[in-house]
Amino acid sequence: MCGIAGIYSQSIDPSNNPDILKRMLARIQHRGPDESGIFLGQNIALGNVRLSIIDLATGQQ
């Protein structure tokens, strides 16, 4: 399993406050405890969590 979360807004820039996205990812951490990532762009913040099931040692994506 894996999980994704994101925020998009034209009125505020969510990349200025990544703590909201980090809290969202913490809520879905059980879906992918092995790896996580965050992308912050203009008017958007995206994050993912990943569960390693194949090639655990070198399967980083």
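Numbered per the working numbering, the sequence shown spans residues 1176 to 1236.
All C-beta atoms, glycine included, are put in the ideal place defined by N, C-alpha and C.
In summary, residue 1182 is buried, with 16 or more beta-carbon neighbours lying within 10 Å of its beta-carbon over all protein chains present. Taken in chain order, the whole beta strand (DSSP E) runs of length 3 or more contained in the segment 1200 to 1225 are 1210 to 1216, 1219 to 1225. Residue pairing for residue 1182: DSSP places it in a beta bridge opposite 1220.
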